[in-house]
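A short write-up of the structure that comes next.
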Amino acid sequence: MTGAIWNLLLGLAWVLLSGDFTGLNLLVGMVFGYIALVLIEPQVSALKGYPARIPRIIRFLGFFLKELVQANLRVAFDIVTPPWHMQPGVIAMPLSARTEMEITMVANLISLTPGTLSLDVSDDRKVLYIHAMFLDDEEELRRNLKEMEHRALELFR
Amino acid sequence: MIEAIKGALLLTGSLFMLLAAVGLLRLPDLLTRMHATTKAAALGVILIMLAAAMHFAEVGVVARSFAIIVFILMTAPVAAHVIGRAGYFVGSRLWSGTVKDELRPNYDPLTHELKSGLETQENAKRQPRATDPD
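Protein sequences, first through last, are from chains A and B. Using UniProt numbering, the letters of the first sequence correspond one by one to residues 1 to 157. Using UniProt numbering, the letters of the second sequence correspond one by one to residues 1 to 134.
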C-alpha cells in the first residue's frame, strides 16, 4: 500500500516538474516512478513486495479476461442452439481464502466468470457453494476454480 | 482501421446483450438465467464502453468509461449472487436436468444453518492458528 502511494506521489511530482498537466503525462510519471521504486526496493523495507505486484496484477488480468471470453462463448453457444448441452448443479468448493475480504474477492471473481455463480458460504467459512452450468467435466472445473482462487489470493497476500 | 475496431467492439457488445436477453427467455430456471443476464450483459457493457472510449479519445470520456467498467465489474456479481441466493433459499425449483446439488443436504431450513460438510475430519486435523478469524 505504501508502495502505491509513493508511486502516485512520484507521478504527481513528475507532472509538477514537467509542467504538462495531462492524464497521459501522469501515466508517464507513474511509469518512471515505478522504475525508480524497483531500483530502490532492496534498500527500503517498506517497499518490500510492491514491484513484484504490478506484473502479477497484469498477468492476472490477462488470465481473467481469457477465462471471461472463453466461458461467455460457451454459454452463448448453449443459448442459441436449441438442445440443452448444459448440466447445471451446485458444487461445494473448499476455500483456502481465510479473511472476509479474501472470500468476498474470490466469490466475486467466481460470479463474474460465466458458467459459475457463487451461492453461499458455509457458516464456518470453509466452503463456498457454487452453482455451475457445465458439470460434464467436474474435475476440470474444480481445477480451474482452484487456479483462479490461487491467483487471486496471490494478489492480496 | 480504428473505425473497424470500434464497429467490431460495438457489434460484439450488443450481440452479447442480445444473447443475454435471449438467454433470459429461453433458460429453464432462476439460477441459469442469472448466469446469462449478468455475465453476458456485463461483457456487452464493457465492450461498448471501450468503443465509446476509443471513439471520443478524450481524457474525461475515457476516465468515465473506465469508471463505468469498474463499477459494473464490482456490482454485477454481487447482485447476481444476492438474487440467486435469495431465490435458492426461498425455494425456487432447480431445472429437472440439474445433475447434483451439494448444498441442499448441508442446509437446515429451520435454523438457516449452513454446514460445510468438512466439520468431522477437517476440524480434527487442523490446528487453530493465531491469525484465524472467528
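In this text, a Cβ means the ideal position worked out from N, Cα and C, and glycines have one as well.
Item                                                                                                                                                                            : Value
Counting along the chain, where does the alpha helix (DSSP H) carrying Met74(B) start and finish?                                                                               : 59-90
If you pair each beta-carbon of the segment 136-146 of chain A with each one of the segment 56-74 of chain B, do three or more pairs fall below 8 Å?                            : no
For the alpha helix (DSSP H) that Ala36(A) lies in, which residues bound it at each end?                                                                                        : 23-40
Smallest Cα separation from Gln70(A): which of Pro114(A), Ala107(A), Val80(A)?                                                                                                  : Pro114(A)
In chain order, what residues of the segment 116-137 of chain A put their CB closer than 7 Å to some CB of chain B?                                                             : Leu117, Ser118, Leu119, Asp120, Ser122, Asp123, Asp124, Lys126, Val127, Tyr129, His131, Met133, Leu135
Any beta-carbon of chain A closer than 8 Å to the one on Ala53(B)?                                                                                                              : no
Using beta carbons (cut-off 8 Å, strictly below), is Pro105(B) in contact with chain A?                                                                                         : no
Got a sec? Which residues, its chain only, sit under 7 Å from Arg26(B) by beta carbon, not counting five neighbours each side?                                                  : none
Chain A beta carbons: is any one of them nearer than 8 Å to that of Ala124(B)?                                                                                                  : Note on Ala124(B): pLDDT 47, under 50, position unreliable in the model; the coordinate value appears next. No, Ala124(B) lies away from the interface with chain A (no Cβ there is under 8 Å from its Cβ).
What do you get for Thr22(A), buried or exposed, if any count of 16 or more other CB atoms within 10 angstroms of its CB means buried?                                          : exposed
Which residues in chain A have a C-beta closer than 9 Å to the C-beta of Glu3(B)? List them in chain order.                                                                     : Near Glu3(B) there are no residues of chain A at all, since even the closest Cβ is about 23 Å away, more than 9 Å.
Spatial neighbours of Met34(B) within its chain, please: C-beta separation below 7 Å, excluding the five flanking residues on both sides.                                       : Ala80, Ile83, Gly84
Kindly say whether Ser18(A), judged by its beta-carbon, lies nearer than 8 Å to any beta-carbon of chain B.                                                                     : no
Can you list, in chain order, the residues of the segment 87-105 of chain B whose Cβ is nearer than 9 Å to any Cβ on chain A?                                                   : Tyr88, Phe89, Leu94, Trp95, Gly97, Thr98, Val99, Lys100, Asp101, Glu102, Leu103, Arg104
Of the residues that make up the segment 15-35 of chain B, which ones have a beta carbon closer than 9 Å to any beta carbon in chain A?                                         : Leu15, Phe16, Leu19, Ala20, Val22, Gly23, Arg26, Leu27, Pro28, Asp29, Leu31, Thr32, Met34, His35
Chain B partners of residue 180(A), CB-CB under 9 Å?                                                                                                                            : Because chain A here runs from 1 to 157, residue 180(A) falls outside it and cannot be looked at.
Can you confirm whether Trp14(A), when its beta carbon is compared against all beta carbons of chain B, has any partner nearer than 8 Å?                                        : no
Confirm, please, whether the CB-CB distance from Met133(A) to Val75(A) is below 8 Å.                                                                                            : yes
Helix, strand or coil for Pro105(B)? Go by DSSP, reduced to three states.                                                                                                       : helix
If you measure between the beta carbons of Leu61(A) and Pro51(A), is that distance less than 8 Å?                                                                               : no
Judging by CA-CA distance, which residue of Thr12(B), Leu11(B), Thr38(B) is the nearest neighbour of Leu24(B)?                                                                  : Thr38(B)
Could you check the C-alpha separation between Ala124(B) and Met101(A) for me, to the nearest Å?                                                                                : Residue placement at Ala124(B) cannot be trusted, given a pLDDT of 47 that sits under 50; the coordinates are not used to answer.
So with CB distances below 7 Å, who are the chain B contacts of Ser111(A)?                                                                                                      : Pro77, Ala80, His81
Please confirm if the segment 115-129 of chain A is in contact with the segment 41-55 of chain B, defined as three or more CB-CB distances below 8 Å between the two stretches. : no
Straight-line CA distance for Gln43(A) to Glu154(A)?                                                                                                                            : 24 Å
Near Glu33(A), what residues of its chain come up, given a Cβ to Cβ distance below 6 Å and the 5 sequence neighbours on each side ignored?                                      : A quick correction: the sequence has Gly, not Glu, at residue 33(A). Only Asn7, Leu10, Gly11 meet the Cβ criterion.
From the DSSP output, which residues share a beta bridge with Met1(B)?                                                                                                          : Answer is none; Met1(B) lacks a bridge partner.
Count the other CB atoms within 10 Å of the CB of Ala20(B); is the residue buried (16 or more) or exposed (fewer)?                                                              : buried
DSSP three-state label for Leu17(A), please.                                                                                                                                    : helix
How is the alpha helix (DSSP H) around Thr104(A) delimited, first residue to last?                                                                                              : 100-112
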